[in-house]
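Residue numbers (the working numbering), protein chains in the order written: chain A, 194 to 703; chain B, 773 to 1143; chain C, 343 to 651. A virtual CB, placed ideally from N, CA and C, is assigned to each residue, including glycine. Note that the structure is predicted; figures quoted are calculated from it, not measured.
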Amino acid sequence: MQEYSVEMRGIVKRFGSVTASDQVDFSANAGEIHALLGENGAGKSTVMSMLSGVYRADEGEILIHGKPAKIRSPKDAAMLGVGMVFQNFRLVQTLTAAENIVLGEKSSFWRGRNWIKNKHKEIEELAERFGLKFPVDRPIWQLSVGEQQRVEIVKTLYRGADIIILDEPTSVLTPGEVEGLFSTLRRMKQEGKTVIMTTHKMKEVMASSDRISVMRKGKMIATLVTKDTDEREVARLMVGREVVIERQEREATEGEELLNVKNLSVYADHGRKALDGLSLSVRKGEIVGVAGVAGNGQKELAEVLTGLRTWREGEIIFDGSPVKTASVRGAIDSGISHVPENRMKSGLAGRLGSVDNLLFKSYRSEEHSTFGFLKAAKNRIWSEELVRKFDVKTPELDTPVQQLSGGNQQKLLFAREVTHRPKLMVAVHPTQGLDVGATAGVHELLMELRASESGVLLISEDLDELLQLSDRILVIYNGAIIGEETHETADRERIGLMMAGIRSREESMV
Amino acid sequence: MSQEKASGRALSGPVKQTSGGRLPWRLEYDSSRIRTPWWTPIVSVALALVLCAIFIYANGMSPVTVYSKMFKGAFGTSYGITETLVKAIPLLLCGLGIAVAYRISVWNIGAEGQLTVGAMAATAVTVYFPNLPGFWSILLMLIFGVAAGAFWGLLTAIPKTHFGVNELITSLMLNYVALLALDYVVFGPWKDPNGFNMPGSPVFTDAQSLPVLGATRLHIGLIFALVAVVIYYLMVRFTRWGYELRLIGANQTAARYAGIHIKRHIIIVMLISGGLAGLAGMAEVSGVSHKLMQGISPGYGYTAIIVAWLAKLNPLGLVVTSVLFGGLIVGGFSVQTIGLPSSISEMLQGAILFFLIAGDMVTRFRIRRGA
Amino acid sequence: MDFVTPLLIAAISAGTPLLLATLGGILNERAGILQLGAEGLMLMGAVTTCIVFIRTENLGVALLASVGVTALFGLIHAFLCITLRANQTMSGLAMTLFGSGFSAYLGKSISGNPLPGVLPRLHLDFLKPVPVIGDIFGNLDVLTWLSFVLVIVLHLLIHRTSWGLHLRAVGDSPATADVMGVHVRLIRYGYVTIGAMLIGLAGADMVLTVAPTWNEGLTAGRGWIAVGLVIFARWNPVRALLCAYFFGALDSLGFRMQLLGSAIPPYFLKMIPYVVTILVLMYLGYRNRNKPSGTPESLGVPYVREQRF
């Protein structure tokens, strides 16, 4: 009988009323790259978090190298040789890369210069062995995202992990960096390590893995050998139905220009130049997608357009008149609505109920208040109608919105942003963390806005979403738009290259 | 080398049996319990009384005697009740000011100083315009008192909004500055020439004193305070401004995204907060002590913090808690006759706050059996 | 003697309690827990020292008692903030209010009584011939020397040992530290308790050197100044030493100017430390408006392990 290096049997994990992991069985071998595939919210990360001791399973058992293991904490997991590279890195920003790697080591109390020098050497050698490179003596906040990921990987290796879990490792990398990561993973595999990678990206799975396990809605659907299957089959398992990959045909929009941004330069919080001479335009009835790797100025672009941030140089013309100063109220009043990146952080007030959350942007209007007093009864009726119309499932109107599901929170937010017929909507990662049904709902709403002659600026990291919805896709890199594709001609690979800063084929050859 | 280490560990089998060292139950945080039950303030007060009873007992006194003495002193006689209400006035005014600031997480602990400068400004009117007719004198004292308190609040607000300085430190430092300034005027320029060289301003004339209710020491500052409660309640509950405070209190970032100017609101609430404390100071000199002197406030500004927190920043609750704490202060004075220091009431106040913040959180946990 | 040397001596004398309290605050805040109860802790430390010293006439026992009592207060603060995840601001405030009330209550019986002794001083006669240095260091008390040692020990602890690495990690990113097998709760409990003990020792030092008798509220806001000094010192023990002596100098400057017959009323001179605290913090805020201030990133945020991302 074959002994797996990792075996999970009948794992159940509930968060309140939600079952994130429902009787999941999973196993992986030493010397293989095993991909755990599933859509956002399918439960991949939850299952892996239980293997690495971040969560405790409510039911089920875990075997490591054939022996039952009790994993109560990350420490227990580390003792068993399980290491995890999280999607949001677990690095202390103010410590150096080396300090992060040795963190938690109790071997030596005193750490003089010699000790540090020796450690630096040891870490560099280890990194080299797996083809990883980064400056060991610099604080994390000075490193790029790719470098930070390498620190994370070396950290698990340094701690002697032979079962390495990577949670959505490619989502923060450029295509070139992804190649580098895969070659590192192959070296680990050659050294006999068990590599488990969660992802929702089909192409990468097919290119890199030995076996694929597919999860859907908290359940394990199937485990397949990569070379015996194809993209179509895996996609069908993942989504639960045949996926329509082709894009919808649509009429090209010929609406008049709504937003025109010329040569915009913006400085971010610590004096870094976040937008560098960026120009773009949005027409009425047009969805313009902005693609790019996180941290290339998307956040600042959204903030400038919604009045949250001032700009240094450049011009913004909205609806025929120039915008003079950054003002959130000004933006709201002129008909710009905003679906921010993190809805619980900046979009909703979790402690308050639906009425207060729906009033956010319109409480100043004549419709909702008079002489400084809110029209309480009228606002309640108005909120009830909105909640019904947008099918927000909430026990009561006054239930704190933090108790609603992610999908219902997003519906509530859209209800607020759409109800006053915005001229322009700036939507940032609007479907992040939503299940398939809720995502489809959001897409429908965006298409409805388009049909009603509103403009939409859709900033997203999900290339499929952009390809499906956008009339035009702009690629942002280092604070500037470096390429544009139309709905009909958009090409995944070309956009991927541009996201890495490579403009054309000639450039990629060099 | 790391690999050998790992396989060695991995093969060593089940790592550790920790169940022996664990408690048979554990506390589990329940994030859905946001609202604390109504009875936590009552239980906190009771527990604080028990804790202090232990200290009193250790001091060789019977806690029952002490507490009943305190209760009788505060609520047992009509004199005691009016005294309690007299003490409740500044607590209610300062507490309202603190509540409005805490609603948006501006931790003003400077009510003591704001009250002091309010009292000083009101006294300045009596010193520099001694012969104004009654109505004008009181009105001017009122305006000066409120304005001075508001200005003192502004001195806390501006460093916070424009320089990012923690308002706790600023407001507290300003308390000491205000108290030193008070010392300066009562020992120096405003000292009563006929005061037998005692520190303190000349005694106010009738025109400079707030009218009292009947034959008691209870002055119409009580009306000011109750009017302030009603206005505050209406403002917070029904106005756009109240809604904006609610939003900022619940989620600052989201409020900013909704176009609310947070800095402007911080300045506004500090002006209100300081102004109300200044009003309390004016009422104290003009209604109670009738002259400016050291110790014009026996720590009203600090007690008001607990008053506000105990009332959960609710204006109607504040009416109850300020009377309760007014009684605590009066009761504290009454036990001095049996040889206990009046600081027992301060101690009780601190203990109540301890149990209150613990109680707010404890109710969010539930006990689970099994590790 | 000149003007500077006595001022330096006075600065060290008045600055030592501030230094001890600031060091305690640094440990607290480096671990990610706000300590706004410093004022109350100093008062508790001071009153305990007085009571036990007068009762037992043994200084060592008195100091141990004051450290023990404040450790208990530190544990309560830790329990509220770490285990119950209570509002750290309010917990600190409660500690200050309770500390000032309780210390006044306890100290009533001995208020104004002289203490039966002073801190022993180290007479370093070999330093005597050296100008300035000899005057300053030749005759310092043991707590001052202890504070020097603590500055060095804490500096090395934070930057040169595994414990210090864990401390920094816990304050900046407890989730990371936890995943790496660092015991976040234990470390936070430990440093909050040790920090409270140092602040208590600051109170003891204050009553033994600055005002050799118990008076209600004798710290007069020094605890709060120390809270400001923690920021001023950017959470660094060596800078804490310089900042504390700077404030010590300001504190005694008023007194010196009065002796020299200054025309400024003493009340205004006494305001200097409070006003300067605000001005310095404003200056730091202005200067650091565009860069990270060095604040531990998770300061004031309770750490919850099983959080769903």
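Where residue i sits in the DSSP three-state scheme
i                : result
P348 of chain C  : helix
N481 of chain C  : strand
K412 of chain A  : strand
Q625 of chain A  : coil
E1056 of chain B : helix
D591 of chain A  : coil
W303 of chain A  : strand
L417 of chain A  : strand
Y1029 of chain B : helix
S663 of chain A  : coil
Q335 of chain A  : helix
Y248 of chain A  : coil
Chain B contact for residue i (CB, 9 Å cutoff)
i               : result
V521 of chain A : yes
A517 of chain C : no
F566 of chain A : yes
H531 of chain A : yes
A683 of chain A : no
Buried versus exposed, by CB contacts within 10 Å (16 or more), residue i
i                : result
A428 of chain C  : buried
V591 of chain A  : Position check: residue 591 of chain A holds Asp in this sequence, whereas Val was assumed. So D591 of chain A counts as exposed.
D549 of chain A  : buried
K538 of chain A  : exposed
S337 of chain A  : exposed
T1109 of chain B : exposed
M773 of chain B  : Low local confidence applies: a pLDDT of 35 at M773 of chain B is under 50, so the model's placement there is unreliable, with the coordinate-based value given in what follows. When all chains shown are included, M773 of chain B counts as exposed.
N311 of chain A  : exposed
P1187 of chain B : Nothing can be reported for residue 1187 of chain B, as the shown portion of chain B is limited to 773 through 1143.
E439 of chain A  : In this prediction, E439 of chain A has a pLDDT of 48, which is less than 50 and means its spatial position is unreliable; what the coordinates show is noted afterwards. With fewer than 16 Cβ atoms within 10 Å of its Cβ, E439 of chain A is classed as exposed.
S300 of chain A  : exposed
W811 of chain B  : exposed
M1042 of chain B : buried
F208 of chain A  : exposed
D1132 of chain B : buried
Minimum Cβ-Cβ distance from residue i to chain C less than 9 Å
i                : result
P931 of chain B  : yes
N293 of chain A  : yes
I1116 of chain B : yes
M1054 of chain B : no
S300 of chain A  : yes
M945 of chain B  : yes
F279 of chain A  : yes
A1123 of chain B : yes
T882 of chain B  : Looking at the sequence provided, one finds Gly at residue 882 of chain B rather than Thr. No - not a single Cβ of chain C is within 9 Å of the one on G882 of chain B.
CB contact check: residue i to chain A, cutoff 9 Å
i                : result
F1010 of chain B : yes
A1036 of chain B : Looking at the sequence provided, one finds Arg at residue 1036 of chain B rather than Ala. For R1036 of chain B, the answer is no, since every Cβ of chain A falls outside 9 Å of its Cβ.
L414 of chain C  : no
A1027 of chain B : yes
H497 of chain C  : no
Contact belief for residue i with residue j at Cβ below 8 Å, rounded distance in angstroms
i               : j                : result
V409 of chain C : M539 of chain C  : 5 Å
V999 of chain B : V1091 of chain B : About 12 Å; that fails the 8 Å criterion.
T561 of chain C : L385 of chain C  : 6 Å
F553 of chain A : F583 of chain A  : Rounded, the Cβ-Cβ distance is 15 Å, inconsistent with contact.
Contiguous alpha helix (DSSP H) assignments of at least 4 residues, all confined to the stretch 416-455 of chain C: 430-449
Sequence ranges, alpha helix (DSSP H) only - wholly within the stretch 537-564 of chain A, length at least 4: 547-552
Runs of beta strand (DSSP E) lying entirely within the stretch 346-377 of chain A, each at least 3 residues, in chain order: 356-360
Whole runs of the beta strand (DSSP E) within the stretch 575-600 of chain C, excluding any shorter than 3 residues: none
Every unbroken alpha helix (DSSP H) inside the stretch 864-926 of chain B [4 residues or more]: 883-900
Segments assigned alpha helix (DSSP H), at least 4 residues, entirely inside the stretch 471-529 of chain C: 475-479, 484-502, 504-514 and 516-521
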